[in-house]
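Enquirer:
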Amino acid sequence: MDKIGLTYIVDDDPLYNFGAKKLLALTSFTEDASFFLNGEAAWKDFEKRIREDVVLPDAILLDINMPIMNGWQFLDRVSEANFTHPVKIFVISSSINQDEMDRAKNYPLVVDYITKPMTLDKFKFLKKRILDL
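Those letters in the sequence shown? Residues 625 to 757, by the numbering used here.
Structure representation (structure tokens):
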């Protein structure tokens, strides 16, 4: 992959989203980013994109603890969906609970579990990692 086309940021924290927007811009992380405040909104958009056969995200930065539909529920839905685009999911969480880290790695689409706070260096590393996959 030469560039990251579309990135989903799925997180209910407005401060995190504000910072992520700034860091995405500073790192030229992606051509386009879509922000969702819960897994259900992200899932609806993802499902619509599958149905309409339009561009799916190359990367999803997914929080776990959110209202309405949490990250685990989102991962379950995406894992059951039928699509061929190579989506790379990174769980981005403030939790350092080893059980959650292990659980995330049981999902084939999850590339890694990264702990917050997200910094400029973490976004640079993440971009390189996505492009190298």
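In this text, a Cβ means the ideal position worked out from N, Cα and C, and glycines have one as well.
#1: Between the C-alpha atoms of Leu647 and Thr743, what's the straight-line distance to the nearest angstrom?
#2: Taking the CB atoms as reference points, tell me whether Asp636 and Leu661 lie closer together than 7 Å.
#3: Once the 5 residues before and after Ser703 are set aside, which same chain residues still bring their CB inside 8 Å of it?
#4: Classify Asn694 as buried or exposed, calling it buried when 16 or more other Cβ atoms lie within 10 Å of its own Cβ.
#5: For Leu757, does the count of other Cβ atoms within 10 angstroms reach 16, so buried, or fall short, so exposed?
#6: Drop a sphere of 10 angstroms on the beta-carbon of Leu650, count the other beta-carbons inside from all chains shown, and report buried for 16 or more, exposed for fewer.
#7: On a Cα-Cα basis, can you pick out the residue from Lys751, Gly629, Phe707 that is closest to Asp677?
#8: With DSSP collapsed to three states, give me the class of Ile674.
Expert: For this structure:
#1: Position 23 of the sequence shown, counting from 1, holds the residue named residue 647. Position 119 of the sequence shown, counting from 1, holds the residue named residue 743. Their backbone Cα atoms lie some 8 Å apart in a straight line.
#2: Indexing the sequence shown from 1 puts residue 636 at position 12. Indexing the sequence shown from 1 puts residue 661 at position 37. Between Asp636 and Leu661, the CB-CB gap stays under 7 Å.
#3: Taking the first residue of the sequence shown as 1, we reach residue 703 at position 79. Closer than 8 Å at the Cβ level, and outside the excluded window around Ser703, lie Tyr731, Pro732, Leu733.
#4: As a position in the sequence shown, residue 694 is number 70, starting the count at 1. Asn694 is buried by the Cβ-count criterion.
#5: The sequence position of residue 757 within the sequence shown is 133, counting from 1. Counting Cβ neighbours within 10 Å, Leu757 comes out exposed, since fewer than 16 surround it.
#6: If you number the sequence shown from 1, residue 650 lands on position 26. Exposed, by the Cβ-count rule.
#7: Counting from 1 along the sequence shown, the entry for residue 677 is found at position 53. Comparing Cα-Cα distances from Asp677 to each of Lys751, Gly629, Phe707, the minimum goes to Phe707.
#8: The residue you call residue 674 lines up with position 50 of the sequence shown. Correct three-state label for Ile674: helix.
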